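Just so you know, the protein sequences line up as chains Y and P, in that order. The opening position of the first sequence corresponds to residue 1 in UniProt numbering, with each subsequent residue numbered one higher. The opening position of the second sequence corresponds to residue 1 in UniProt numbering, with each subsequent residue numbered one higher. Only one structure is covered here, and it is reproduced in the block below.
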Amino acid sequence: MQEDQIRAAMLRKSRAAKIEQRGRAISFACIALIVLVVIAIFYFVASKGLATFYHNGVNVWEFLSKKSWSPSTIGPHGKPEVGALPMIVGSFSVTFLAAVVATPFAIGAALFMTEIASNWGAKILQPVIDLLVGIPSVVYGFIGLSVVVPAIRNVFGGTGFGILAGTFVLFVMILPTVTSMTVDAIHAVPSYYRSASAALGATRWQTTSRVVLRAAVPGILTGIVFGMARAFGEALAVQMVIGNAAMLPKNLISPASTLTSVLTSGIGNTVMGSLENNALWSLALVLLLMSLVFNLVIRWIGGRGALK
Amino acid sequence: MTHKNIITSRDVHIYYGDFEAIKGVDIDFPEHEITALIGPSGCGKSTYLRTLDRMNDLVPGARTTGDIRLNGEDIYAANTDVVQLRKRVGMVFQQPNPFPFSIYDNVVYGLRLAGIRDRAMLDEACEQSLKQAAIWDEVKDQLHDSALGLSGGQQQRVVMARVLAVQPEVILLDEPTSALDPISSSQIEDTLLELREQYTIIIVTHNMQQASRISDRTAFFLQGNIIEVGPTKGIFMDPQHKETEDYISGRFG
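See the structure below:
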């Protein structure tokens with residue numbers, strides 16, 4: 001009799017176990033919701049974006065390689081032209097140029113904050129960087145429009161709108177992201193590498209350049225790709241300074257466009273289900289796939305860094 | 001056999017902020033001998049070791065007074081080139097700390113710092129140093145693989161090769177085997193005994209058997225003071241102080 005009671009007590013779920021189970025169910029529900037939302041977004045963008053190809057009969061290769069973009073009017077070939085190459089080129093140009101310009105500044109600032117003046121440098125620069133991250137992109141765009149564009153116009157001539165202006169604005173926008181991730185990467189370099197290097201007779205600069213930066217390369221690359229992902233997806237600020245001409249840019253100061261700028265300026269003016277609208281969704285699909293690629297690159301670099 | 005003293009120190013005090021970690025230490029290190037610094041945790045033996053290549057300079061708030069000379073030169077003099085000093089006095093740390101580079105790049109790191117670019121010279125030094133550290137045979141086919149792929153004992157010997165490549169006069173070792181298994185430890189000990197011919201070695205160790213096996217002289221540290229220093233045999237067989245006897249017989253520590 002007593003044994004049965006003990007057995008029953010042992011087999012009964014404890015209060016703690018029940019709470020545990022409930023907690024697990026709640027967190028699983030949250031994760032499931034997020035996954036569902038992501039899948040829904042992918043499905044929606046893909047179904048709309050792919051409609052251009054199977055519904056409106058546009059060739060995928062022509063979409064990616066043709067240079068003229070006029071989905072709302074009949075072109076010389078008797079049908080609307082949906083060549084997205086100018087936007088793809090525009091997006092990649094501003095992204096890569098912004099990353100190229102931002103990287104040396106980010107590494108310099110990060111080294112100053114970590115290795116050179118780690119106490120007061122970080123104290124002053126960290127809030128500045130946090131502030132820069134928090135500034136809305138429309139403010140960056142406005143400053144680009146009223147300062148950068150006129151400056152380029154004065155120096156190089158032309159309208160001032162174009163890839164160069166976009167690069168400048170994006171450079172400032174991604175600088176804090178890349179800097180703070182570079183700072184994290186440098187902080188993650190174990191201090192015993194620094195001691196080992198110093199004990200071998202390295203100067204501080206030798207230790208920094210040959211050991212710390214080298215060991216931090218995977219982290220720094222991750223930061224750069226993060227910055228590029230942000231630059232690639234930025235719409236408003238770029239739209240304000242790039243000129244919004246859907247043609248292949250001839251140089252850095254001729255008006256151009258990016259995937260995002262065409263999307264934001266066009267999506268409100270088209271009818272759902274029409275070719276114009278579907279073509280914009282195709283651009284969105286390209287954007288989404290590129291974000292995915294950036295993500296995979298980040299994971300790949302991170303994985304390689306962990307292995308070493 | 002009497003050797004001339006390569007390092008002499010007189011009345012060395014080391015402070016971390018207000019805390020006096022070393023309270024007036026006098027000790028000399030003869031050339032081509034292995035000196036073991038022993039003592040319980042926190043007695044200051046590692047702290048003392050790190051003053052000899054001025055690694056304590058990197059610790060915020062650390063301050064050293066007294067007179068420490070390497071071949072008669074005051075290493076705490078205002079005009080001492082710390083970078084040069086650390087090339088003459090190499091250091092191996094407790095945790096194996098190879099850089100996350102290839103074995104080759106690790107070993108020639110110090111030479112490249114000195115501006116040596118000649119490939120043949122680097123290759124030669126790499127092989128030489130790895131042989132001296134008794135690890136050449138194990139790694140000669142994987143010189144360009146990451147040093148982090150090696151076992152702890154192998155890493156520690158690559159680290160020793162990295163120090164040897166710079167051809168220092170003195171090698172400081174801060175508990176170099178305490179993170180290793182017994183077999184790796186004894187390999188390191190054998191290596192040290194061979195290196196004694198060419199280098200002066202000062203080793204901090206927790207392991208008293210190790211001190212008695214490999215060292216010519218032993219210094220016993222306790223609470224920031226040297227209690228006793230002398231030939232290892234004398235310290236272990238016939239300690240002059242009660243504290244020394246208590247420590248080596250395992251009564252405290």
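Note that CB positions come from ideal geometry on N, CA and C, so glycine has one too. Owing to the predicted nature of the structure, the values given are computational and were not obtained by experimental measurement.
Would Y:Q2 be called buried (16 or more neighbouring beta carbons within 10 Å of its own) or exposed?
In the first sequence, residue 2 of chain Y corresponds to position 2, counting from 1. Exposed.
Between which two residues does the beta strand (DSSP E) carrying Y:E81 extend?
Start at 1 with the first residue of the first sequence, and residue 81 of chain Y comes out as number 81. Element bounds for Y:E81: P80 to V82.
Between P:E228 and P:T244, what straight-line distance do the alpha-carbon atoms span, to the nearest angstrom?
For the purposes of this step, residue 228 of chain P is taken as residue 228 along the second sequence, with counting starting at 1. For the purposes of this step, residue 244 of chain P is taken as residue 244 along the second sequence, with counting starting at 1. The straight-line gap from Cα to Cα measures roughly 7 Å.
Is it true that the CB of Y:S197 sits closer than 9 Å to the CB of P:Q99?
Within the second sequence, the letter at position 99 stands for residue 99 of chain P. Within the first sequence, the letter at position 197 stands for residue 197 of chain Y. Per the sequence shown, the amino acid found at residue 99 of chain P is Phe instead of Gln. Cβ atoms of P:F99 and Y:S197: closer than 9 Å.
For a minimum of 4 consecutive residues, which ranges assigned as the alpha helix (DSSP H) are wholly contained in the stretch 97-185 of chain Y?
120-134, 137-143 and 149-156
What's the C-alpha gap between P:P30 and P:D216?
Walking along the second sequence from the start, residue 30 of chain P turns up at place 30. Walking along the second sequence from the start, residue 216 of chain P turns up at place 216. Going by the C-alpha atoms only, they are around 10 Å apart.
Determine the extent of the beta strand (DSSP E) in which P:F220 is found, giving its start and end residues.
Position 220 of the second sequence, counted from the first residue, corresponds to residue 220 of chain P. R217 to L222 is the span of the beta strand (DSSP E), which, as asked, contains P:F220.
Reducing DSSP to helix, strand and coil, say where P:D123 ends up.
Position 123 of the second sequence, counting from 1, holds the residue named residue 123 of chain P. Here P:D123 sits in helix by DSSP.
Taking P:K87 as the query, report the chain Y residues whose CB atoms sit under 9 Å from its CB, ordered along the chain.
As a first step, residue 87 of chain P must be located in the second sequence, where it is residue number 87. Per Cβ cutoff of 9 Å: L200 and G201.
I'd like to check one pair, P:S184 with P:S146: are the Cβ atoms closer than 9 Å?
Mapped onto the second sequence, residue 146 of chain P falls at position 146. Mapped onto the second sequence, residue 184 of chain P falls at position 184. By the CB criterion at 9 Å, P:S146 and P:S184 fall outside the cutoff.
Report yes or no: do the stretch 39-48 of chain Y and the stretch 10-21 of chain Y share at least 3 C-beta pairs separated by less than 8 Å?
Too few Cβ pairs lie closer than 8 Å, so no.
Pairing CB atoms from the stretch 228-243 of chain Y with CB atoms from the stretch 135-143 of chain Y, are three or more of them under 8 Å?
As far as the Cβ criterion goes, the stretch 228-243 of chain Y touches the stretch 135-143 of chain Y, which means the pair count is three or higher.
Please classify Y:A110: is it buried, with 16 or more other beta-carbons within 10 angstroms of its beta-carbon, or exposed?
Numbered from 1 along the first sequence, position 110 holds the residue referred to as residue 110 of chain Y. In the assembly as shown, Y:A110 is a buried residue. Its beta-carbon has 16 or more other beta-carbons within 10 Å.
For a minimum of 4 consecutive residues, which ranges assigned as the alpha helix (DSSP H) are wholly contained in the stretch 100-182 of chain P?
103-107, 109-113, 119-132, 136-139 and 152-165
Can you list the residues of chain Y that P:N79 reaches, using a CB-CB cut of under 9 Å?
Locating residue 79 of chain P in the second sequence gives position 79, where the first residue counts as 1. Those do not exist, as P:N79 stays about 17 Å from chain Y at its closest Cβ, beyond 9 Å.
When DSSP builds the beta bridges, which residues end up paired with Y:M290?
Sequence index remark: in the first sequence, residue 290 of chain Y carries index 290 (1-based). Y:M290 is not bridged to any residue.
If we count Cβ pairs, one from each stretch, closer than 8 Å, do we get three or more for the stretch 213-231 of chain Y versus the stretch 83-101 of chain Y?
Contact between the stretch 213-231 of chain Y and the stretch 83-101 of chain Y is present, because at least three Cβ pairs lie under 8 Å.
Can you tell me where the alpha helix (DSSP H) with P:G234 in it begins and where it stops?
Looking up residue 234 of chain P in the second sequence gives position 234. T232 to M237 is the extent of the alpha helix (DSSP H) around P:G234.
Is Y:A202 buried or exposed, if buried means 16 or more other CB atoms sit within 10 Å of its CB?
As a first step, residue 202 of chain Y is located in the first sequence; it is residue number 202 there, counting from the start. It is buried - the Cβ of Y:A202 has at least 16 other Cβ atoms within 10 Å.
Run through chain Y and tell me which residues come within less than 7 Å of P:G110, C-beta to C-beta.
Reading the second sequence from its first residue, position 110 is the one you call residue 110 of chain P. Neighbours of P:G110 on chain Y, chain order: L200 and G201.
Any residues in the stretch 23-53 of chain P with a beta carbon nearer than 8 Å to a beta carbon of chain Y? Which ones, in chain order?
D53
Just how far apart, CA to CA, sit P:P176 and P:S46?
Translated into the one-based positions of the second sequence, residue 176 of chain P becomes position 176. Translated into the one-based positions of the second sequence, residue 46 of chain P becomes position 46. Going by the C-alpha atoms only, they are around 12 Å apart.
May I ask you to list, following chain order, the residues of the stretch 179-191 of chain P that have a beta carbon less than 8 Å from some beta carbon of chain Y?
none
For Y:V35, which residues in the same chain have their Cβ closer than 8 Å to its Cβ, ignoring the five residues on either side in sequence?
Numbered from 1 along the first sequence, position 35 holds the residue referred to as residue 35 of chain Y. Cβ neighbours of Y:V35 beyond the five flanking positions: none.
Using a C-beta to C-beta distance shorter than 9 Å, which residues of chain Y count as neighbours of P:L150?
Translated into the one-based positions of the second sequence, residue 150 of chain P becomes position 150. Near P:L150 there are no residues of chain Y at all, since even the closest Cβ is about 13 Å away, more than 9 Å.
For chain Y, is any of its Cβ atoms less than 9 Å away from the one on P:V170?
Position 170 of the second sequence, counted from the first residue, corresponds to residue 170 of chain P. Output row for P:V170: interface = no.
Rounded to the nearest angstrom, what separates P:G24 and P:L37 at their Cα positions?
In the second sequence, residue 24 of chain P corresponds to position 24, counting from 1. In the second sequence, residue 37 of chain P corresponds to position 37, counting from 1. Taking the straight line joining both Cα atoms gives about 16 Å.
Where does the unbroken beta strand (DSSP E) through P:D11 begin, and where does it stop?
Taking the second sequence and counting its residues from 1, the one referred to as residue 11 of chain P is at position 11. Residues N5 to Y16.
Where Y:G303 and P:R10 are concerned, what is the direct C-alpha to C-alpha distance, given to the nearest angstrom?
Here residue 303 of chain Y refers to the residue found at position 303 of the first sequence. Here residue 10 of chain P refers to the residue found at position 10 of the second sequence. Rounded to the nearest angstrom, the two C-alpha atoms are 52 Å apart.
Along the alpha helix (DSSP H) that carries Y:F44, what are the first and last residues, could you check?
For the purposes of this step, residue 44 of chain Y is taken as residue 44 along the first sequence, with counting starting at 1. Here the alpha helix (DSSP H) through Y:F44 covers R15 to Y54.
Per the contact definition of three or more C-beta pairs closer than 8 Å, is the stretch 163-181 of chain P in contact with the stretch 87-96 of chain P?
yes
Among P:Q154, P:A179 and P:N207, which has the Cα closest to the Cα of P:T191?
One-based indexing of the second sequence puts residue 191 of chain P at position 191. Here the closest residue by C-alpha is P:Q154.
Between the Cα of P:D238 and those of P:S212, P:G224, P:L222 and P:N225, spot the shortest distance and give me the residue it belongs to.
Here residue 238 of chain P refers to the residue found at position 238 of the second sequence. The shortest C-alpha separation from P:D238 is found at P:S212.
Can you have a look at Y:Y54 and say buried or exposed, based on whether 16 or more other CB atoms are within 10 angstroms of its CB?
The residue labelled residue 54 of chain Y in the question sits at position 54 within the first sequence. Y:Y54 comes out exposed.
Out of Y:G49, Y:K67 and Y:V37, point me to the one whose CA is closest to Y:L248's CA.
Taking the first sequence and counting its residues from 1, the one referred to as residue 248 of chain Y is at position 248. Taking only the C-alpha atoms, the option nearest Y:L248 is Y:K67.
Suppose the cutoff is 8 Å on Cβ atoms and the five residues either side in sequence are ignored; what does the same chain contact list for P:K214 look like?
Working through the second sequence from its first residue, we reach residue 214 of chain P at position 214. In the sequence as presented, Lys is not what sits at residue 214 of chain P; that position holds Ile. If we look at P:I214 and ignore the five residues flanking it on each side, its Cβ neighbours are I34, A36, E189, L192, L193 and I203.
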